[in-house]
Amino acid sequence: IVSSEAFGPVLVVQPVDSPQEGFSAIDRSFYGLQAGIFTSNIHLAKEAFDKIDVGGVIINDVPTWRADLIPYGGSKLSGIGREGPEFALEHMTVWKSFIVQTPLDR
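The opening residue of the sequence shown carries number 0 in our numbering; numbering runs sequentially from there.
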């Protein structure tokens with residue numbers, strides 16, 4: 000289950016010797032939607048953000064947390080692109096030009 004993409008509530012408990020070993024274990028997955036890290040150490044949280052290839056790192060909450068104004072989406076095999084109003088608007092907008100050439104007044 001550690002290297003699978005589960006669509007339901009799952010809790011994986013895997014002992015590691017250091018946070019860095021944990022980051023490596025998480026990063027070995029083929030999937031990378033979001034990760035939830037519980038810590039009071041902001042430097043460790045930033046290290047998790049830098050080292051784990053996922054679409055988002057949520058500190059002190061579950062990885063399913065999201066806000067509509069924040070880009071939401073995964074990396075690796077977890078999704079293609081991002082969700083959110085800005086990304087939806089960009090994705091659903093079709094650019095089209097309307098150009099009219101008129102004779103110059105002489």
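Ideal placement from N, C-alpha and C gives every residue a C-beta, glycine not left out.
Inter-residue Cα distance where the pair is residue i and residue j
{"i": "Q33", "j": "V56", "result": "6 Å"}
{"i": "L76", "j": "V93", "result": "27 Å"}
{"i": "A87", "j": "P18", "result": "36 Å"}
{"i": "W64", "j": "K95", "result": "37 Å"}
{"i": "G78", "j": "S3", "result": "14 Å"}
{"i": "H42", "j": "K50", "result": "12 Å"}
{"i": "F48", "j": "S74", "result": "13 Å"}
Helix, strand or coil at residue i [DSSP, three-state]
{"i": "I36", "result": "strand"}
{"i": "G55", "result": "strand"}
{"i": "G31", "result": "strand"}
{"i": "K50", "result": "helix"}
{"i": "S23", "result": "helix"}
Inter-residue CB distance, residue i and residue j (contact presumed, cutoff 8 Å)
{"i": "I58", "j": "A44", "result": "5 Å"}
{"i": "G21", "j": "V12", "result": "Incorrect: roughly 11 Å between the Cβ atoms, too far for contact."}
Identity of the residues DSSP links to residue i by a beta bridge
{"i": "E82", "result": "Y71"}
8 Å Cβ cutoff met for residue i and residue j
{"i": "G83", "j": "L68", "result": "yes"}
{"i": "V53", "j": "G31", "result": "yes"}
{"i": "G35", "j": "V61", "result": "yes"}
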